[in-house]
């Protein structure tokens, strides 16, 4: 599903932030991506979603070499990846309903064709009555759930979550992890970037990808 | 809690695969959320908001700029049309006339020469009328240059014969000239072609200048729209990033900006075009009120009746529509190019 081969990334003329990164993510797999702050977790996530280009190496996503993709093909490939950002990245001028519906809207689908899907998903993440609310008035936990709903609405093959429990209380953090585990069991490959050891201890079956000094170490 | 699960049956319109639906159901049904947290029924969903927020674009300034530019472009276009129409009218009026000047020559009877020349002209096909100006009328023509109250009877003033030519049966001017020369050697025919050519050149120059002004105005407007678009993309950088990440193609994002800018362009064009229509309606009304005055006559001589007619109104409407389209498609092109450069 996802392969990194000898990937290196350097910002400007400085030292490489990531060096010789090699790993694969299989379909229906679950992994934590961890490491100290500044180790490059977010950078690695950005490489996966093609928001950055590697300085060297090969990245293959869903069987496609990302270096050879056109802008349109990158957009199409991204539709298979759901992303939950640490800072949620909800659009403040859109309601929760519109935020969650965004991935379907960019596909050019008519609003009437996805209304029930979005409403249903909002209800199931506990935001049914907040559909018309704007993100600015929501709590951190509500924003997190909305961001997760947006990542899930288009049924991605791969789900990336960057510090998904970083802004929520431990109870909600545990609930969110359980949701990811359920999604993994239902067939979605999941990558959670976190430095929260307690969170990782709650799911010991998960593979651990540890970033340190720009290199990736894998613990199966 | 079971109740919530029951309301999320696969037949409820939620098209996730059953396995995934069940995964989410299992998760949330195990939480301690109350029924009010979850919400039983979504309220009616309002119309979708624009992805590029209205207040993120310097909309008011751009609408004002577009309105002013549309007004000026409409003005330039219609002045060109007015001058072109008026020049056609001038030239056709002048081309319907010719003048014979009979000069006094020592040893010849001027009155007899005038009569002979007029008779020769009347006999020529294509000449509808040959009106002989009396001596006093010929002298009156010199009054603007020589002043009033002078006795010109002692001066050898030439006599004039004004010919009205048939526009449907054009007179052969060369033949006319030969006939005249044979009848009265001291007579000269002036068909005003030099004056007509000068008028034509002047009208063409006026139309060319108006066209240049029109193009410059549209160019300035395009620069303003391009600048506002680039500013809007910079302001909405986060929105563009989120749209990219959820899988939006560059063309989709560019269309969203196009929609916003086309709406602004339409508003500006409506105000500017409406202003231009009002201006010409007012100018037409004022010119009608002034028609009998000296200034009014001069204006009418220059621009006709200052009536732009249906063609002028259609030009303004087309121009306003063109400005709205130009604004939209130009912004789309700029956003697309910007995103491709980023990619």
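Chains as they are written, first to last, in the working numbering: chain A, 48 to 267; chain B, 42 to 384.
We put the beta carbon where it would ideally sit given N, CA and C, even for glycine.
In the structure shown, residue 170/B adopts extended strand secondary structure according to DSSP, grouped into three states. The alpha carbon of residue 221/B has as its nearest neighbour, out of 168/B, 326/B, 378/B, 270/B, the alpha carbon of 168/B. Excluding sequence positions up to five before and after residue 82/A, its CB lies within less than 8 Å of the CB of 88, 242, 257, 258, 259, all in the same chain and listed in chain order. Residue burial is scored here from C-beta neighbours: residue 161/A has at least 16 other C-beta atoms within 10 angstroms and is therefore classed as buried. Counting along the chain, residue 205/A sits inside the beta strand (DSSP E) bounded by residues 205-209. The alpha-carbon of residue 261/B is positioned some 37 Å away from that of residue 137/A.
Using beta-carbon distances, residue 119/A counts as an interface residue toward chain B, with a partner under 8 Å. Under DSSP, residue 138/B forms a beta bridge with 205/B. Pairing residue 200/A with residue 209/A, the inter-Cα distance amounts to about 18 Å. Straight across, the Cα-Cα distance linking residue 233/B with residue 137/B is about 10 Å.
Annotation: Cβ neighbours of residue 293/B in chain A (cutoff 7 Å, chain order): 153.
A Cβ-Cβ contact shorter than 8 Å links residue 78/A with residue 255/A. About 7 Å separates the beta carbons of residue 302/B and residue 266/B, which is inside the 8 Å limit, making them a contact pair. For the C-beta of residue 217/A, not a single chain B residue is nearer than 9 Å; the gap to the nearest is close to 14 Å. At a C-beta separation below 7 Å, residue 284/B has these neighbours in chain A: 153.
Across the structure, residue 257/B and residue 145/A are spaced so that their CA atoms are roughly 42 Å apart. Pairing residue 94/B with residue 248/B, the inter-Cα distance amounts to about 42 Å.
Looking at the backbone, the Cα of residue 110/A and that of residue 185/A are separated by about 39 Å. When only Cα atoms are considered, residue 128/A and residue 308/B end up about 40 Å apart. Taking C-beta atoms under 8 Å as the contact rule, residue 165/B and residue 180/B fail to qualify, at a distance of about 27 Å. By a beta-carbon distance limit of 8 Å, residue 274/B contacts residue 281/B. Their separation comes to about 7 Å.
Across the structure, residue 189/B and residue 201/B are spaced so that their CA atoms are roughly 20 Å apart. With its beta carbon at least 8 Å from every one in chain A, residue 304/B lies outside the interface. Contact check for residue 151/B against residue 141/B fails: the beta carbons are separated by 8 Å or more. Counting only runs of 4 or more residues that sit fully inside the region 85-161 of chain A, the alpha helix (DSSP H) segments are 88-95, 118-125, 143-152, in chain order.
When only Cα atoms are considered, residue 184/B and residue 147/B end up about 24 Å apart.
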